[in-house]
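Enquirer: According to the working numbering, numbering within the sequence shown proceeds without interruption in unit steps and concludes at 785.
Yeah, the Cβ is synthetic: ideal placement off N, Cα and C, and Gly gets one too.
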Amino acid sequence: MMQQIVMYPLLFQLFLSIALIFLWKKISWQKAVSIIGSFINLGLSIWLFAHVWENGTKSIQAGNWEAPFGISFVADAFAASLVLLTAIAGLAVSMFSAGSLRSARLKFGFYPVFHFLLLGLCGAFLTGDVFNLYVWFEIIIICSFVLLTLGGERSQLEGAIKYFTLNFLASVIFLTAIAVLYGLTGSLSMADLATKVAEIENRTLVQVNALLFLVGFGIKSAIFPLYFWLPASYHTPPPAVSAIFGGLLTKVGIYALIRMFTLVFEIDPFIQNVLLGIAFLTLFSGAIGALVQNNVMKIFSYLVICHIGYMIAGLGMMTEVALAGAVFYLFHDILVKTNLFMVSGVINRIKGTGDLKKLGDLYADRPLMSFLFAIPLFSLVGIPPLSGFWPKISLISAAWDLNNYWIIAAILLGSFLTLIIIVKLWSEVFWKTGQKLPEQQNFPYFNKLRNYKKTQLIVPIVFLSLITLYIGFGAESIQNLSVRISEELLNKQIYIDAVFNK
284 MMQQIVMYPL LFQLFLSIAL IFLWKKISWQ KAVSIIGSFI NLGLSIWLFA HVWENGTKSI
344 QAGNWEAPFG ISFVADAFAA SLVLLTAIAG LAVSMFSAGS LRSARLKFGF YPVFHFLLLG
404 LCGAFLTGDV FNLYVWFEII IICSFVLLTL GGERSQLEGA IKYFTLNFLA SVIFLTAIAV
464 LYGLTGSLSM ADLATKVAEI ENRTLVQVNA LLFLVGFGIK SAIFPLYFWL PASYHTPPPA
524 VSAIFGGLLT KVGIYALIRM FTLVFEIDPF IQNVLLGIAF LTLFSGAIGA LVQNNVMKIF
584 SYLVICHIGY MIAGLGMMTE VALAGAVFYL FHDILVKTNL FMVSGVINRI KGTGDLKKLG
644 DLYADRPLMS FLFAIPLFSL VGIPPLSGFW PKISLISAAW DLNNYWIIAA ILLGSFLTLI
704 IIVKLWSEVF WKTGQKLPEQ QNFPYFNKLR NYKKTQLIVP IVFLSLITLY IGFGAESIQN
764 LSVRISEELL NKQIYIDAVF NK
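(1) Near G403, which residues of its chain fall below 7 Å by C-beta distance, leaving aside the five closest residues on each side in sequence?
(2) Could you compute how far the alpha carbon of Q454 sits from the alpha carbon of S525?
(3) Less than 8 Å between the CB atoms is what I'm expecting for K715 and L613, so what's the real figure, rounded?
(4) Cβ of L747 within 9 Å of Cβ of L618?
(5) Which class does V489 belong to by DSSP, given the choice of helix, strand or coil?
(6) First and last residue of the beta strand (DSSP E) that includes A505?
(7) Where does V429 land, buried or exposed, given buried means 16+ other C-beta within 10 angstroms?
(8) Could you check whether T340 and Y778 sit closer than 9 Å to each other, using their CB atoms as the reference points?
(9) For G346 and V745, what's the separation of their Cα atoms in angstroms?
(10) Just to check my reading of the structure: P743 and M290 have Cβ atoms closer than 8 Å, yes? What is that Cβ distance to the nearest angstrom?
(11) Would you call the CB atoms of P520 and G434 closer than 9 Å?
(12) Just tell me which of N686, I502 and L331 has its CA closest to the CA of V366.
(13) Between the Cα of G797 and those of F756, Y688 and L651, spot the shortest distance and give me the residue it belongs to.
(14) Where does T636 fall in DSSP's three states?
(15) Comparing C-alpha positions only, which one of I768, S300, L299 and F352 sits nearest to E786?
(16) In chain order, what residues of the same chain have a beta carbon less than 6 Å from the beta carbon of F399, not counting five sequence neighbours either side?
(17) With distances taken from CA atoms, which of G536, V579, S653 and A363 is nearest L598?
(18) Would L663 and L772 qualify as a contact pair, given that the criterion is a beta-carbon distance under 9 Å?
(19) In chain order, what are the residue ranges of uninterrupted alpha helix (DSSP H) at least 4 long that sit wholly in the stretch 565 to 620?
(20) If I follow the unbroken alpha helix (DSSP H) through L286, where does it start and stop?
(21) Going by DSSP in three states, D412 sits in which element: helix, strand or coil?
(22) Apart from the five residues just before and just after A302, which ones in its own chain have a Cβ nearer than 7 Å to its Cβ?
(23) Going by DSSP in three states, K279 sits in which element: helix, strand or coil?
(24) Can you name the residues that DSSP bridges to S677?
(25) Please state whether DSSP places F726 in a helix, a strand or coil.
(26) Over the uninterrupted alpha helix (DSSP H) stretch that includes S765, give me the two end residues.
(27) Helix, strand or coil for F356, going by three-state DSSP, please let me know.
(28) Pull up the distance between the alpha-carbon of T478 and that of V547, whole angstroms please.
(29) Keeping to the same chain, check which residues put their C-beta closer than 6 Å to that of N687; ignore five residues upstream and five downstream.
(30) DSSP on S472, reduced to helix/strand/coil?
(31) Taking the alpha helix (DSSP H) that D648 belongs to, which residues open and close that run?
(32) Three or more C-beta pairs under 8 Å: does that hold for the stretch 311 to 329 against the stretch 377 to 392?
(33) Along the alpha helix (DSSP H) that carries F699, what are the first and last residues, could you check?
(34) Distance check for G529 and V396, CA to CA, integer angstroms please.
(35) Less than 9 Å between the C-beta atoms of I506 and I561, yes or no?
(36) Evaluate the contact criterion for the stretch 431 to 449 versus the stretch 406 to 416: three or more CB pairs, one atom per stretch, below 8 Å.
Laid out in structure tokens, this is it:
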């Protein structure tokens, strides 16, 4: 019976999404049900994580079909951790959206689609079947496209076209890669592929297939040079939507890359050099893009790209220490990026704009709030002992062990450029004497909001900031988790045995 715990987060999100459809016209009910449901989902995710932590990897076969003939759902420490982080980010965004989104947008079905998106994310993390992973990706794309266009403003539609076009291309490449893989092995079960791919004699064809997966997942992860859709689209929707996008959507692509290149494919020297080159260029190009922007949300969009480079570098080095650093950074980045897009939404509420040239005085006007906002901002930089510092130490240590000094230089360069960007943003938004802008009709000043609306905006930022502080100051526990995950990723037999019940 306890094997079924793997499905609880999925089934509950599905139930919650359907229940919210029946409350389509009752916006206040939707808000309450979404927040309460998110708390329950967080409890289920904690239960799943605790069970996996205590008892090891768990799997269940859909429809009681024996592996590898059916679809497997597998919860190892990596998948369970990401399901938990999805629940945490989902709860924060659910609360934030209740206070930040106008009723006109909510009437178009934000909450049902939002929870279908969370369902897709959890499904992608838990599936043990490559084609099923494609199906969950398509659910994610459809839901994210709806959320991106919700409201129908011109900038949203323009961004949505770019977003959909590139992600549709990624899906075509992904599906082609799956077809080639099935033709080579006759299987789509990840556990089964882990042994069959290693037995294929034509290694060149396997390498080409691996590169197809790299391109398909790379577009979804926004790696260099496949990232142009992200800064063109992530700043266009409301901050609540951008928060879940910036925190989780690119990370599901990173998860898929890590899963496929540790379980199914082996990273040979050629692919290793490709990954490390991509990591360097992603770090550099994302940072330069953020450096020249003058809009808060565009800056954060480019920083999403920049910091994907750290995770790709960890995957490319493919050692236990490097993978632990990549996983640790993945956890940190999900929480911080989700929080920063919500922070940008509050800044917009207070000042009526996200333009750096028109911002300022925030520290003088609201010192306590500025201190709160400093937590995710400087965690992003990796100021010790905040959460972004510790995974970089692991990545630098791994690169040092491999005598890969240019990767160390890339990590330090990315950190230095991020520091410059955040210092510039802090100076322009918080310290500078800003213009006194006239009140805009669609963006009322923060102090004119009702108290419960202010609470709905601030509490999720406090919530994620506290978790971020825990990751920084309690880094030992997160490092232990990351090391366990890296050990499981490198010992694929644990995953295989769990699926085949050995």
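Expert: Quick look at the numbers:
(1) The answer, listed in chain order, is W419, I422, I423 and C426.
(2) Looking at the sequence provided, one finds Ser at residue 454 rather than Gln. Going by the C-alpha atoms only, they are around 22 Å apart.
(3) Not confirmed; about 34 Å, so no contact.
(4) Cβ distance < 9 Å, so L747 and L618 count as in contact.
(5) Collapsing the DSSP output to three states places V489 in a helix.
(6) Here A505 belongs to no beta strand (DSSP E), and DSSP marks it neither H nor E.
(7) So V429 counts as buried.
(8) Contact flag set, yes.
(9) Distance between G346 and V745, taken at the CA atoms: about 42 Å.
(10) The Cβ separation is near 27 Å, so there is no contact.
(11) Contact: yes.
(12) Answer by Cα proximity: L331.
(13) The displayed coordinates of the chain run from 284 to 785. Any statement about residue 797 would go beyond what the structure contains.
(14) T636: coil per DSSP, three-state reduction.
(15) Outside the displayed span of the chain (284 to 785) sits residue 786, for which this structure offers no information.
(16) Scanning its chain for C-beta atoms nearer than 6 Å, with the 5 sequence neighbours on each side dropped, one finds around F399 the residues S300 and C426, in chain order.
(17) If we check each option's Cα against that of L598, G536 comes out closest.
(18) Not closer than 9 Å, so no.
(19) Counting whole runs of 4 or more residues, the stretch 565 to 620 contains the alpha helix (DSSP H) stretches 579 to 600.
(20) It is Gln, not Leu, that sits at residue 286 in the sequence shown. Where Q286 is concerned, there is no enclosing alpha helix (DSSP H), because DSSP gives it neither an H nor an E.
(21) DSSP places D412 in the strand class (E or B) of the three-state scheme.
(22) Here A302 has V316 as same chain residues with Cβ atoms under 7 Å from its own Cβ, once five neighbours each way along the sequence are excluded.
(23) The structure shown does not extend to residue 279, since the chain is modelled only from 284 to 785, so the question has no answer here.
(24) Partner(s): none; S677 has no beta bridge.
(25) Reliability of the predicted coordinates at F726 is poor, the pLDDT of 46 falling under 50, and no value is obtained from them.
(26) It spans A758 to L773 - the alpha helix (DSSP H) in which S765 sits, taken as one unbroken run.
(27) Of the three classes helix, strand and coil, the one that applies to F356 here is strand, per DSSP.
(28) Approximately 8 Å between the Cα atoms of the pair.
(29) Taken in chain order, the list of residues that qualify is empty.
(30) In the structure shown, S472 adopts extended strand secondary structure according to DSSP, grouped into three states.
(31) L645 to D648 is the span of the alpha helix (DSSP H), which, as asked, contains D648.
(32) Contact holds: three or more Cβ-Cβ distances are below 8 Å.
(33) Per DSSP, F699 belongs to the alpha helix (DSSP H) from Y688 to W709.
(34) Taking the straight line from one Cα to the other gives about 17 Å.
(35) Yes, these two residues count as a Cβ contact at 9 Å.
(36) Three or more Cβ pairs closer than 8 Å define a contact, and the stretch 431 to 449 falls short of that threshold against the stretch 406 to 416.
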